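Peer 1:
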Amino acid sequence: MAGDSETVTLLEAGQAAGRESEGQPAAGPGPAPGAAAPSGTMPTHVAIIMDGNGRWAARRGLPRVEGHRRGVEAVRRAVRSAIDLRIPYLTIYSFSSENWRRPAAEVADLMGLLKLFVRRDLADLHANGVRVRIIGERDGLPGDIAGLLCEAEERTARNTKLTLVVAFNYGGRQEILRAVRKLAEAVAEGRLAPAAIDAAALTAALDTDGIPDPDLVIRTSGEQRVSNFLTWQTAYSEFVFVPDFWPDFDHAAFLAAIGEFQSRDRRFGGLSARAG
């Protein structure tokens, strides 16, 4: 799972969705119910560290898979909320580069769940105008998995209602290292002068090239750490740590996090606009 041991993965959520309604299509991201958006500046990009599936299930005496089943419902709710609130970018931390340390059988199971996700959820996302972007290391992935990631991106490439960024086999430090290597290769080949390497050049070499930095990062379960997530991109992000476990995260919680974001005085190193 992405980052910590209880962070929900989209893949595990896909497994739960399959068990939830065998033979039935997954529910599509329709209109989000609930209150209207808070007045004020809305974030352009919200990133979510989904945490707490295992603890949610354990506290109820339920098997872990039930937490993941409820987790997929929360993923769908978040997508619906982002569409309803007209938030252009939503990033979810799905599978981290550290997750390969898990038992081989479990990793193999998770890779199989990715196939389930593509089969059951991608059509609904596409039908609702969602573009899928995958960030993370592609090299070394099994051929069928790499192909599925490409399929998800290519099939939805022209959609414009929401860009859903899925961090898969992702680590923030590793992403920066890949970007640095790209720049070093360009210098070695004479395509780039060392003096031309600046923050903009590094940003363009990241997996998230073309995606704005997150304005708001939400982490559920009450944990207060970033777990190697979007290390470069979150330099000026606002962080909201929500006490609810991920399966309990709903439209109201999304609105509350945005309300907290809107209450912040974002100075970006300058003087407060509220100082007058």
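Going by the numbering used here, the sequence shown opens with residue 27, and the numbers climb by one from there. All C-beta atoms, glycine included, are put in the ideal place defined by N, C-alpha and C. Since this is a predicted model, take the numbers as computed values, not measurements.
1. Suppose only complete runs of 3+ residues qualify. What are the beta strand (DSSP E) ranges in the region 217 to 246, listed by chain order?
2. Determine contact between the region 191 to 202 and the region 253 to 264, defined as no fewer than three beta-carbon pairs at a distance below 8 Å.
3. So, with DSSP's three-state summary, where would you put S18?
4. In the DSSP assignment, what are the bridge partners of T67?
5. Out of curiosity, what's the CA-to-CA distance linking W82 and T246?
6. Classify D77 as helix, strand or coil using the three-state DSSP reduction.
7. Can you tell me the Cα-Cα spacing of Q288 and D170, whole angstroms?
8. Taking 9 Å as the threshold (C-beta atoms), are R164 and L174 in contact?
9. Among residues of its own chain, excluding the 5 on either side of A53, which ones have a beta-carbon nearer than 8 Å to its beta-carbon?
10. Let me check understanding here. Comparing Cα to Cα, which of F280, L148, V192 and I223 lies closest to T117?
11. Just to confirm before moving on: does the CB-CB distance between E124 and V158 stay below 9 Å?
12. Put V252 into one of helix, strand or coil per three-state DSSP.
13. Locate the alpha helix (DSSP H) running through V268, then write down its first and last residues.
14. For I160, which three-state DSSP category applies?
15. Using a Cβ-Cβ cutoff of less than 8 Å, which residues in the same chain neighbour T186 once the five nearest sequence positions on both sides are dropped?
16. In chain order, which beta strand (DSSP E) runs of at least 3 residues are fully inside the region 141 to 189?
17. Kindly indicate the opening and closing residues of the alpha helix (DSSP H) around A205.
18. Tell me the DSSP secondary structure of A130 in three-state form.
19. Could you tell me whether the Cβ atoms of L190 and V243 are closer together than 9 Å?
20. What whole-angstrom Cβ distance do P69 and I202 have, given they're in contact under 8 Å?
21. Determine the direct distance from the alpha carbon of K208 to that of F271, and round the result to whole angstroms.
22. For V72, write down the residues that DSSP places opposite it in a beta bridge.
23. For D239 and R293, what's the separation of their Cα atoms in angstroms?
24. For R90 and R96, I'd like the C-alpha separation in whole angstroms.
25. Please report how far the alpha carbon of R251 lies from the alpha carbon of Y262, in whole angstroms.
26. Answer with buried or exposed for S107, where buried requires no fewer than 16 other C-beta atoms within 10 angstroms of its C-beta.
27. Quick one: what's got a C-beta closer than 7 Å to V213's C-beta in the same chain, skipping five residues either side?
28. Quick check on DSSP: helix, strand or coil for A84?
Peer 2: A quick look at the data gives this:
1. 242 to 245
2. yes
3. Nothing can be reported for residue 18, as the shown portion of the chain is limited to 27 through 302.
4. DSSP output for T67 lists no bridge partner at all.
5. 11 Å
6. strand
7. 43 Å
8. no
9. Its pLDDT being 46, under 50, A53 is placed unreliably in this model, and the coordinates cannot settle the point.
10. V192
11. no
12. coil
13. Neither: V268 is in no alpha helix (DSSP H) and is coded neither H nor E.
14. strand
15. G155 and R157
16. 156 to 161
17. G198 to A214
18. helix
19. no
20. Incorrect: roughly 23 Å between the Cβ atoms, too far for contact.
21. 38 Å
22. L116 and L242
23. 16 Å
24. 10 Å
25. 15 Å
26. buried
27. P220
28. helix
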